[in-house]
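Take a look at the structure below.
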Amino acid sequence: MNATMTQESRGMWLGLAGVAIFSLTLPFTRMAVAELNPVLVALGRAVVAAIASAALLWWMGAPRPTTAQWRALVITSLGVVIGFPVFTSIAMRYVPASHGAIVIGILPLATALFGALRFGERPSMGFWIAALVGSALVVGFALWQGDGEFHVADLALFAAVIAAAMGYAEGGRLSQSMGGQQVISWALVLSMPVLLPVTVWLVWTYGLDASPKAWIGFGYVSLFSMFIGFFFWYKGLALGGIARVGQVQLLQPFLTLLAAALMLGEALDARNFLFAIAVIAVVAVGRQMGVRR
Numbered sequence: 004m005n006a007t008m009t010q011e012s013r014g015m016w017l018g019l020a021g022v023a024i025f026s027l028t029l030p031f032t033r034m035a036v037a038e039l040n041p042v043l044v045a046l047g048r049a050v051v052a053a054i055a056s057a058a059l060l061w062w063m064g065a066p067r068p069t070t071a072q073w074r075a076l077v078i079t080s081l082g083v084v085i086g087f088p089v090f091t092s093i094a095m096r097y098v099p100a101s102h103g104a105i106v107i108g109i110l111p112l113a114t115a116l117f118g119a120l121r122f123g124e125r126p127s128m129g130f131w132i133a134a135l136v137g138s139a140l141v142v143g144f145a146l147w148q149g150d151g152e153f154h155v156a157d158l159a160l161f162a163a164v165i166a167a168a169m170g171y172a173e174g175g176r177l178s179q180s181m182g183g184q185q186v187i188s189w190a191l192v193l194s195m196p197v198l199l200p201v202t203v204w205l206v207w208t209y210g211l212d213a214s215p216k217a218w219i220g221f222g223y224v225s226l227f228s229m230f231i232g233f234f235f236w237y238k239g240l241a242l243g244g245i246a247r248v249g250q251v252q253l254l255q256p257f258l259t260l261l262a263a264a265l266m267l268g269e270a271l272d273a274r275n276f277l278f279a280i281a282v283i284a285v286v287a288v289g290r291q292m293g294v295r296r
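Sequential numbering of the sequence shown, starting at 4, is according to our numbering.
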């Protein structure tokens, strides 16, 4: 029992490190898409990360994935390499990073749902109640910020949530047999033959004229959001379970809110912190609820 709890605790801490890295994704994406084509940012960051991945796999002498692993890598790639970056990049052209952060806040519930449906994880009723309450909080916050309405960009953000949840759940389970570094690296390399020609065409069409600020944003989402962050995140999911560690994502919107205020000057008031306290409380409760694996 102690060994199990220690493994779950390690998974939670690794998941938290991944969330901290991912929490800066929307602010840096907004910096990049302010001057660069959003689809170019989304696919270009994957190309840069794929080059780094190929070098890492070669240095590690990583074995080629099995047939079953390739199938799981395709799903992972569609979710986190293509789907989530494209949809969030498009959304960041139209809404603030602070708004996107709250809509993305329903991701833990979606990740737990994919884990349960795809891999037979069975969260307890208490866990589901905690997840639903936390998700209701962040959705309510999004509606409050939007004066009771969702923006059109919210559709893109909801699509991003579905894509990320699918990729997180599939990649998290695959990390149990491959390791987090190899999962994201192979997923990126797998996508390279499709992404590279499209990215070259986008560069030819839209160009690369942008300020250093935009390129800093692009560099972060390429190397940290698309590559390094997954080392921590997938390892955490593998150790602690998809549903349980996925709850840590409930903290991500509020880390992003703080980053958006500091980096982009977006508004941040005391009510934001009240929501943050409420969500943190829900995460603490959900952490204590049982999840059968």
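Even glycine gets a Cβ: it sits at the ideal position worked out from N, Cα and C. Computed from a predicted model, the values in this text were never measured in an experiment.
Presumed contact (8 angstroms Cβ cut-off) between residue i and residue j, rounded CB distance
i, j, result
"A172", "T114", "6 angstroms"
"E11", "R176", "Wrong, their Cβ atoms sit about 16 angstroms apart, outside the cutoff."
"S194", "I78", "Contact flag wrong, Cβ pair sits at about 12 angstroms."
"A20", "F233", "About 11 angstroms; that fails the 8 angstroms criterion."
"V285", "L242", "At roughly 22 angstroms, the Cβ-Cβ gap does not stay under 8 angstroms, so V285 and L242 are not in contact."
"G220", "F31", "4 angstroms"
"F130", "A168", "Not quite, the Cβ-Cβ distance comes to about 16 angstroms (not below 8 angstroms), so this is no contact."
"K238", "G183", "4 angstroms"
"A49", "L198", "5 angstroms"
"A264", "L271", "4 angstroms"
Nonlocal neighbours in the same chain, by C-beta distance under 6 angstroms from residue i, ignoring five residues either side
i, result
"A163", "F87, F90, T91"
"F230", "A52, A55"
"G137", "L253, V282, V285"
"I24", "F227, G232"
"G47", "T202"
"A57", "V192"
"M13", "This sequence places Arg at residue 13; Met is not what is there. Excluding sequence neighbours, R13 sits near L242."
"R67", "none"
Minimum C-alpha distance to residue i - residue among the options
i, options, result
"I105", "L160, L43, P215, A241", "L160"
"L110", "I245, G232, G222, F278", "I245"
"L191", "E152, S228, W16", "S228"
"Q1", "L198, F221, I132, S188", "With the chain covering 4 to 296 only, the question about residue 1 has no answer from this structure."
"I107", "V22, S127, V36, M15", "V22"
"R96", "W204, V36, G268", "V36"
"S80", "I93, W62, A45", "A45"
"A156", "L120, R48, A94", "A94"
"L267", "M34, M128, M15", "M34"
"M15", "L271, L240, G222, L198", "L240"
"R121", "A75, W204, M128, S127", "A75"
"W73", "G123, S180, L17", "S180"
Same chain, Cβ closer than 8 angstroms to residue i, five either side skipped, listed in chain order
i, result
"Y209", "L39, N40, L43"
"L60", "Q185, S188, W189, V192"
"I165", "G86, A113"
"M4", "Since pLDDT at M4 reaches only 45, below the 50 mark, its modelled position is unreliable, and the value read off the structure follows with that caveat. The answer is none, since no qualifying residue turns up."
"A145", "H102, I105, V106, G108, F153, D157"
"V224", "T28, F31, T32, A35, V44, R48, P88"
"S214", "E38"
"L205", "N40, V42, L43, L46, G47"
"L135", "L112"
Other residues of its chain near residue i: CB distance less than 7 angstroms, five sequence neighbours each side excluded
i, result
"V288", "A133"
"P256", "A104, I105, I107, G108, V141"
"A262", "S26, L27, P30"
"A217", "M34, A35, A37, E38, L39"
"E269", "P99, A100, S101, A263"
Neighbour flag for residue i against chain D, beta carbons, 7 angstroms
i, result
"A284", "Considering every chain present, this structure includes no chain D. It has just one protein chain."
Length at least 4, wholly inside the stretch 211 to 264: the alpha helix (DSSP H) runs in chain order:
215 to 223, 232 to 243, 245 to 249, all fully within the stretch 211 to 264.
Touching or not, the stretch 266 to 285 and the stretch 95 to 102, by the rule of three or more beta carbon pairs under 8 angstroms?
Touching, yes, given that three or more Cβ pairs across the two stretches are closer than 8 angstroms.
In chain order, each alpha helix (DSSP H) run of at least 4 residues that lies wholly inside the stretch 114 to 155
Listed in chain order, they are 128 to 148.
At 4 residues or longer, what runs of the alpha helix (DSSP H) sit wholly inside the stretch 157 to 186?
Counting whole runs of 4 or more residues, the stretch 157 to 186 contains no alpha helix (DSSP H) stretch at all.
Enumerate, from N- to C-terminal direction, the unbroken alpha helix (DSSP H) stretches of 4 or more residues contained entirely within the stretch 6 to 89.
Secondary structure remark: continuous alpha helix (DSSP H) runs of at least 4 residues inside the stretch 6 to 89, in chain order: 28 to 36, 41 to 63, 70 to 79.
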